[in-house]
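Residue numbers (this note's numbering): 368 to 947. Every residue gets a Cβ at the ideal spot worked out from N, C-alpha and C, and that includes glycine.
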């Protein structure tokens, strides 16, 4: 792997980002050399003041004044060029990285999200990318520029006076080595700090999401106490990480200070024995400060870049995740959904489904019932390729869905899950998620069919009312009806409903079911339900228990059979007569 490819991968850069980094480094090199020009003019001015030496230029004061103005313009232009390359261009890369991560996350299977906390992903997209942005705009260009500028100026001094060149140069590789060889120690403490910081961030997010439960269980004081303890640990880890970095960077910068002393000593000795004139000694003392200035900066930024690598690795981890892919050409013969000997586990350890086989036919309602934890919701997730199966085959119209692009496949499904997800937008926009580009009239028709009119008419701005994060301003039943409206608007050939009416009162449930009965005509319908009255008119019942199909048939057939389904009907009938 080339140095460029290795750098791109290490810091999670795109091709454009790598190009921008090279441009920013070039700009920083130009600025470093531009800042050297005033030093040269100072040396010329001092040579003319001393007079009677081979380095005197004989320029008058007004010529120096003109040179100063010209140099001010050159330095200003160099700074502007550097600013544009280091900041504007690199900030565009931050935007591209975030969009690229969002696109990548969109194409990842749900198995990835089950292993990563949403807060952690937010930290990666915001905090880690911010660190990458600082590395590529502030630190890397300046450090790389110093590694070009310093050898060039050092070589020029060597040619001028080899002994002074050595006196100036010897501390530089030692100082760089001190920071480089301490990288493992610095990264060790930084990783500890990162983990503790991420843990606290997740705790804070958790407390915000679960504030109602904390209040209801009088656990706020205990939670705050635990949070304070974790914050103290973060503070300690932060101090250790910063002190460790500062220790090595300061030690390296102290080594550079020795270079100032050796340059003064060697220069004075050479001047005393007549080897060099006074102007060369003065020039050496002026130049050494300019050479060490970018190296001092480089040492600080080198340490910062080592820390940034840990953040960039987290970005690259997302970029390296295998995507769900498949053909975008999908023309099934029909919309029969068939499971054949399907096996699946979420973690690779505990089996959730084992040898599951059934067919949900087009034009029929197939209901999945059974005890909690039997695998009903998992079947729905596998049918939509939210997860990929471990063994067996799932086909739609005779086509294996594992070979179909997930987004192409999802165009054939309308889904209403028990856990509704809404966005902090208007009612109208939340429904329109079902079909992008739908007209307002189509959105309103779907809303009315899902019985949304009843509560939307009472909202301050009707369908334009912003409903808060995850629909926080609505009740559970109202949120569910918006979800149903989405499915009605999408009007796909396959309908999957996971306890779709569980949050509705009896009257609303009956009216929504009436609307759904129109929607499902001629379509493949898969219903997951715990209430037996919900599936009493289904064409086919599939009973799942402990991840296996234990019964299958029409409701009447299974009741007569007297098995698991009949037992569930009996239990729900008896529980319906229970009173407090």
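Contact belief for residue i with residue j at Cβ below 8 Å, rounded distance in angstroms
i: residue 810; j: residue 798; result: 5 Å
i: residue 745; j: residue 720; result: 6 Å
i: residue 843; j: residue 772; result: Actually they are not in contact, since the Cβ atoms of residue 843 and residue 772 sit about 34 Å apart, beyond 8 Å.
i: residue 529; j: residue 626; result: Actually they do not touch by this definition, with Cβ atoms about 16 Å apart.
i: residue 912; j: residue 926; result: About 17 Å; that fails the 8 Å criterion.
i: residue 781; j: residue 858; result: 7 Å
i: residue 653; j: residue 406; result: 6 Å
i: residue 504; j: residue 442; result: About 20 Å separates the two Cβ atoms, so there is no contact after all.
i: residue 567; j: residue 597; result: 5 Å
i: residue 437; j: residue 645; result: No, residue 437 and residue 645 are not in contact; Cβ-Cβ is about 27 Å, not under 8 Å.
Sub-8 Å separation of residue i and residue j beta-carbons
i: residue 553; j: residue 734; result: no
i: residue 892; j: residue 732; result: yes
i: residue 507; j: residue 521; result: no
i: residue 498; j: residue 665; result: no
i: residue 616; j: residue 656; result: no
i: residue 851; j: residue 783; result: yes
i: residue 502; j: residue 618; result: no
i: residue 659; j: residue 621; result: no
i: residue 475; j: residue 688; result: yes
i: residue 855; j: residue 816; result: yes
i: residue 823; j: residue 793; result: no
i: residue 699; j: residue 776; result: no
i: residue 446; j: residue 398; result: yes
i: residue 464; j: residue 682; result: yes
i: residue 512; j: residue 395; result: yes
i: residue 574; j: residue 581; result: yes
i: residue 462; j: residue 685; result: no
i: residue 789; j: residue 846; result: yes
Three-way DSSP call (helix, strand, coil) for residue i in this model
i: residue 864; result: strand
i: residue 656; result: helix
i: residue 767; result: strand
i: residue 910; result: strand
i: residue 828; result: coil
i: residue 588; result: helix
i: residue 896; result: coil
i: residue 642; result: coil
i: residue 905; result: coil
i: residue 813; result: helix
i: residue 631; result: helix
i: residue 734; result: strand
i: residue 891; result: strand
i: residue 568; result: helix
i: residue 801; result: coil
i: residue 920; result: strand
Chain-order list of residues whose beta-carbon lies under 7 Å from that of residue i (same chain, five-residue window excluded)
i: residue 712; result: 718, 719 and 757
i: residue 650; result: 410
i: residue 479; result: 688
i: residue 673; result: 550, 553 and 554
i: residue 678; result: 495, 498 and 499
Residue i beta carbon near the ligand FMN (any heavy atom closer than 7 Å)
i: residue 768; result: Summarising the ligand content, the structure contains no ligands, and the ligand FMN is consequently not present.
Beta-carbon proximity list for residue i, same chain, < 6 Å, skipping 5 on both sides
i: residue 986; result: With the chain represented from 368 up to 947, any question about residue 986 goes unanswered, as that position is not in the structure.
i: residue 707; result: 724, 759 and 760
i: residue 604; result: 559, 560 and 563
i: residue 569; result: 484 and 486
i: residue 477; result: 753 and 754
i: residue 541; result: 622
i: residue 806; result: none
i: residue 910; result: 736, 737, 917, 918, 931 and 932
i: residue 730; result: 889
Close Cβ partners of residue i (< 8 Å) along its chain, the five nearest in sequence each way excluded
i: residue 531; result: 524, 630, 633, 634, 637, 643, 647 and 651
i: residue 767; result: 760 and 761
i: residue 382; result: 375
i: residue 936; result: 899 and 926
i: residue 770; result: 693 and 694
Residue-level contact to chain C via CB, residue i, 8 Å cutoff
i: residue 688; result: This model lacks chain C altogether; it includes just one protein chain.
### Query
Taking only runs of the alpha helix (DSSP H) that begin and end inside the region 741-796, which ones reach a length of at least 4 residues, in chain order?
For the region 741-796, whole alpha helix (DSSP H) runs of length 4 or above, ordered along the chain, are 743-750 and 773-777.
#### Entry: Every unbroken alpha helix (DSSP H) inside the region 482-561 [4 residues or more]
Listed in chain order, they are 485-490, 496-501, 507-527, 529-536 and 538-548.
### Query
Which runs of the beta strand (DSSP E), 3 residues or longer, sit entirely within the region 649-732?
As far as the region 649-732 is concerned, its whole beta strand (DSSP E) runs of at least 3 residues are 704-711 and 720-727.
### Task
Report the residue ranges of all alpha helix (DSSP H) runs contained in full by the region 384-451; include only those spanning at least 4 residues, in chain order.
The DSSP assignment places complete alpha helix (DSSP H) segments of no fewer than 4 residues inside the region 384-451 at 428-450, in order along the chain.
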